[in-house]
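Remarks on the structure that follows.
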Amino acid sequence: MIITTSWDDGHPLDIKVLELLEKYNLKGTFYIPLSNPEYPVMEKSLMKEISAFQEIGGHTVRHVRLNTLSDEDAEYEITRCKILLEEIICQPISAFCFPGGKFSDRDVLLIKKAGYLFGRTTKLLANSKPPSNLMNTSIQAYNHSSTTLLYHCLKNINALPIIRNSFFFPFNKNFLRLAEHNISKNIESKSVFHIWGHSWEIEKYNLWKQLEDLFKLISSCDGIIYLNNTQVWKALHENINSKIPYLENKK
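Below, the structure is given as structure tokens:
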């Protein structure tokens with residue numbers, strides 16, 4: 038089983054997520070916009086600090102929903118974000134996340150044109166290999182309602198995710214228990230377990246202890262590989278095998 042994490046919006050509180058990832062030797066990708074009308078965005082110095090330990094991904098220039106924009110504006114948001122972030126951290130940017138999980142087929146083509154490998158969505162309860170230019174998620178660090186979880190089950194199209202996940206619903210007020218159940222059912226498989234969230238949301242709902250308990254749990258599991266989002270994409274789509282160094286570093 039592969040476990041990866043990702044963190045959206047570039048809030049200054051992402052430093053607390055970084056500290057927890059480093060404490061438990063986990064991997065993640067931080068998707069950072071250059072500005073955000075809803076929440077503050079971290080200083081460039083913090084972007085550089087995070088990039089020294091974890092992956093940085095694009096999240097548009099102004100944190101806008103791409104499916105509301107013209108072709109020209111959408112391409113600007115996607116392409117310019119990559120250019121600016123690469124100038125700041127002096128590293129290539131390979132991963133992109135759609136703000137609000139909103140995108141169209143056009144936007145998937147634009148991220149590929151800009152040079153990103155994939156776009157991360159907000160689709161939950163996914164553990165299998167995603168389409169070639171998309172990466173879905175398994176659990177959000179947020180306590181969702183049963184209605185929301187059922188909606189995401191239905192988005193998986195076939196009935197199997199509903200059968201597997203319907204009994205998760207009693208756990209939906211505690212994402213730690215939901216994650217623990219998911220991992221226990223899939224740990225022997227060659228699946229991907231993808232945790233994502235917002236540091237500002239974790240702070241708002243006082244979920245830091247739950248998050249650390251989750252990190253503590255997954256860091257103690259045997260037979261798990263810990264990768265950032267781009268490493269996961271490459272492992273799934275480029276036929277990378279166990280001889281590659283970062284796939285040999287199993288916890």
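Just so you know, the sequence shown maps onto residues 38 to 288 in the numbering used here. Every residue gets a Cβ at the ideal spot worked out from N, C-alpha and C, and that includes glycine. Since we're looking at a predicted model, the values are computed, not measured.
Q) Excluding five sequence neighbours on each side, which residues of the same chain lie with their C-beta closer than 6 Å to the C-beta of residue 82? A) For the purposes of this step, residue 82 is identified with residue 45 of the sequence shown, where counting begins at 1. No residues qualify anywhere along the chain.
Q) Does the count of Cβ pairs from the segment 88-96 and the segment 65-74 closer than 8 Å reach three? A) yes
Q: Ignore the nearest five residues each way along the sequence and tell me which others in residue 254's own chain have a CB closer than 8 Å to its CB.
A: Working through the sequence shown from its first residue, we reach residue 254 at position 217. These residues qualify, in order along the chain: 213, 216, 217 and 220.
Q | Contained alpha helix (DSSP H) runs [length at least 4] in the segment 38-82, N- to C-terminal order | A | 51-60
(Q) For residue 13 and residue 266, which I take to be in contact (beta-carbon distance under 8 Å), what is that distance rounded to the nearest angstrom? (A) Coverage of the chain is limited to positions 38 through 288, which leaves residue 13 absent and any answer about it impossible.
Q) When DSSP labels each residue in this structure, what does residue 90 get in the three-state scheme? A) Taking the sequence shown and counting its residues from 1, the one referred to as residue 90 is at position 53. It is coil, neither helix nor strand.
Q) Helix, strand or coil: which one does DSSP assign to residue 111? A) For the purposes of this step, residue 111 is taken as the residue at position 74 of the sequence shown. Helix at residue 111.
Q: Please classify residue 102: does DSSP put it in a helix, a strand, or coil?
A: Start at 1 with the first residue of the sequence shown, and residue 102 comes out as number 65. Of the three classes helix, strand and coil, the one that applies to residue 102 here is coil, per DSSP.
(Q) Which same chain residues end up closer than 6 Å to residue 118 when comparing Cβ atoms and leaving out the 5 residues on each side of it in sequence? (A) Here residue 118 corresponds to residue number 81 of the sequence shown, with the count starting at 1. Cβ within range, chain order: 95, 97 and 98.
Q: Taking residue 272 as part of the alpha helix (DSSP H), name the residues at either end of that continuous run.
A: Here residue 272 refers to the residue found at position 235 when the sequence shown is read from its first residue. Run containing residue 272: 266-274, per the alpha helix (DSSP H) assignment.
Q.
Between which residues of its own chain and residue 2 is the CB-CB distance below 8 Å, once the five residues before and five after are set aside?
A. This structure cannot speak to residue 2, because the chain is shown only from 38 to 288.
Q | Spatial distance of residue 170 from residue 228 (CA atoms) | A | Within the sequence shown, residue 170 is the residue found at index 133, counting from 1. Within the sequence shown, residue 228 is the residue found at index 191, counting from 1. So the two alpha carbons sit approximately 18 Å from each other.
Q) Is residue 163 closer than 9 Å to residue 235 when the C-beta atoms are compared? A) What you label residue 235 is simply residue 198 of the sequence shown in a count that begins at 1. What you label residue 163 is simply residue 126 of the sequence shown in a count that begins at 1. No, the Cβ-Cβ distance between residue 235 and residue 163 is not below 9 Å.
Q) If you compare alpha carbons, which of 242, 261 and 252 is closest to residue 226? A) Numbered from 1 along the sequence shown, position 189 holds the residue referred to as residue 226. The residue with the shortest Cα to Cα distance from residue 226 is 261.
Q) Taking residue 57 as the reference, which of 249, 160 and 256 has the closest Cα? A) Locating residue 57 in the sequence shown gives position 20, where the first residue counts as 1. Nearest of 249, 160 and 256 to residue 57, Cα basis: 249.
Q: Give the secondary structure of residue 171 by DSSP, where H, G and I count as helix, E and B as strand, and everything else as coil.
A: Walking along the sequence shown from the start, residue 171 turns up at place 134. Three-state result, residue 171: strand.
(Q) Taking only three categories from DSSP, how would you classify residue 258? (A) The residue you call residue 258 lines up with position 221 of the sequence shown. Of the three classes helix, strand and coil, the one that applies to residue 258 here is coil, per DSSP.
Q) Under 9 Å between the Cβ atoms of residue 264 and residue 87? A) On the sequence shown, position 227 is the one that residue 264 refers to. On the sequence shown, position 50 is the one that residue 87 refers to. No, the Cβ-Cβ distance between residue 264 and residue 87 is not below 9 Å.
Q) Relative to the alpha-carbon of residue 131, which residue among 146, 153 and 124 has its alpha-carbon at the smallest distance? A) Translated into the one-based positions of the sequence shown, residue 131 becomes position 94. It is 153.
Q.
I'd like to know whether the C-beta atoms of residue 85 and residue 126 end up nearer to each other than 9 Å.
A. Sequence index remark: in the sequence shown, residue 85 carries index 48 (1-based). Sequence index remark: in the sequence shown, residue 126 carries index 89 (1-based). Their beta carbons are under 9 Å apart, which means residue 85 touches residue 126 by this criterion.
Q) In chain order, what residues of the same chain have a beta carbon less than 6 Å from the beta carbon of residue 75, not counting five sequence neighbours either side? A) On the sequence shown, position 38 is the one that residue 75 refers to. So the list is empty, once near-sequence residues are dropped.
Q.
Can you tell me whether residue 137 is helix, strand or coil according to DSSP?
A. Within the sequence shown, numbered from 1, the residue matching residue 137 stands at position 100. Helix, per DSSP.
Q.
Let me make sure I understand the geometry here. Which of 238, 144, 47 and 240 has the alpha-carbon closest to that of residue 109?
A. Numbered from its first residue, the sequence shown carries residue 109 at position 72. Per the Cα distances, 144.
Q) Mapping DSSP to helix, strand and coil, what is residue 177? A) Here the question's residue 177 lines up with position 140 in the sequence shown. Strand at residue 177.
(Q) Does residue 235 come out as helix, strand or coil in the three-state DSSP assignment? (A) Position 198 of the sequence shown holds residue 235. Three-state result, residue 235: coil.
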